[in-house]
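Engineer: Residue numbers for the sequence shown follow full-length UniProt numbering, beginning at 1 and rising by one.
Idealized CB from N, CA, C, for every residue including glycine.
Note that the coordinates shown come from a computational prediction; the quantities given were computed from them, not determined experimentally.
The structure that follows is given in the form of structure tokens.
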Amino acid sequence: MLAELAASPSTETTAVLAAIGEMSQKMDVRFNSLDAASKANQATLDEHETRLSDVEHANSAHDGRLSAVEQQVKRLEDANKALLEKVIDLEARSRRQNIKIIGLPENVEDGRPVDFVSNLIFGRENFSKPVEVDRAHRLGSLGSATATAANKPRVMIARIHSYRVKDSIIKIQATIAFDVTRGNQTSTFNTPEEAKFFADCDRQIGPRKRIDPLRQDSRYKMQSD
């Protein structure tokens, strides 16, 4: 039909052909614009796919590193647990010969805690000779306990040379009295009421076990010579 119109052009035909040509050009422009937009969208999509792939690879690498870190943490936790158990065991072994004495009046040892513990606290009545004590000392400073010495004297720790002797000591249920002469005063330990004896142990080793008191009661008297 367009060929027939072109073969016998008229004013109306020329106008129609011009309109068709103009429309065709506009459509070509629009199609070209759509094609460019489609290519741009495709390029953006390709870029996003590339970036997504990179993220997935990075995430996979992070998962691998995280897994390695978790395994390392687990190994460190196991090693730390083993070391802690070893430290606790070593501490328990180092303290198994210790006895903790609570409630012992201040200064009753007269500056000689080892001799005092060896000769007086555990008594000659129960052993053929004075108990061999490696060392003995109070816990804490005297200044912090002076104000409350009458009510809450400092704890004394005594290390018995033989842990078997220590075990025998803490099993004693006898009542024993001791006289200690200092100058013109005699300090009498007679059935201590406040002095209690415990095994020296750490809380991490387990619940603290209260050892049977060496004496059921205790009284500390100061008598003039």
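Taking the continuous beta strand (DSSP E) assigned at V117, which residues delimit it?
Structural biologist: It is not in any beta strand (DSSP E) - V117 carries neither H nor E in the DSSP assignment.
Engineer: When DSSP labels each residue in this structure, what does H62 get in the three-state scheme?
Structural biologist: If DSSP states are grouped into helix, strand and coil, H62 belongs with the helices.
Engineer: Cβ atoms of R135 and V108: under 8 Å apart, would you say?
Structural biologist: Contact flag unset, no.
Engineer: Which word fits N98, buried or exposed, when buried means at least 16 other C-beta atoms lie within 10 angstroms of its C-beta?
Structural biologist: With 16 or more other Cβ atoms within 10 Å, it is buried.
Engineer: Could you check whether the stretch 152 to 171 touches the stretch 62 to 75, counting it as contact only if at least three pairs of C-beta atoms, one from each stretch, sit closer than 8 Å?
Structural biologist: Flag = no, the stretch 152 to 171 and the stretch 62 to 75 do not touch.
Engineer: Could you round the C-beta distance between I157 and L139 to whole angstroms and report it? I think they count as a contact, below 8 Å.
Structural biologist: That belief holds up - the Cβ atoms of I157 and L139 are roughly 6 Å apart, short of 8 Å.
Engineer: Take N119 as the anchor and find which of R112, P130 and V73 has the nearest alpha-carbon.
Structural biologist: The candidate whose alpha carbon is nearest that of N119 is P130.
Engineer: Would you decide whether F31 is buried or exposed? Buried here means 16 or more other CB atoms lie within 10 Å of its CB.
Structural biologist: Counting Cβ neighbours within 10 Å, F31 comes out exposed, since fewer than 16 surround it.
Engineer: My output table needs one value for V69: the three-state DSSP class, helix, strand or coil.
Structural biologist: In this structure, V69 counts as helix in the three-state DSSP scheme.
Engineer: Going by the CB atoms, is the gap between V117 and V133 shorter than 8 Å?
Structural biologist: In this structure, V117 lies closer than 8 Å to V133 by Cβ.
Engineer: So, are the CB atoms of P153 and L104 less than 8 Å apart?
Structural biologist: Closer than 8 Å, so yes.
Engineer: Using only the alpha-carbon positions, how far apart do N41 and V69 sit?
Structural biologist: If I take the Cα positions, the gap works out to 41 Å.
Engineer: If you follow the alpha helix (DSSP H) that R164 is part of, which residue opens it and which one closes it?
Structural biologist: Counting along the chain, the alpha helix (DSSP H) containing R164 begins and ends at Y163 to I170.
Engineer: Could you give the first and the last residue of the continuous beta strand (DSSP E) run that contains K152?
Structural biologist: Run containing K152: none; DSSP gives neither H nor E here.
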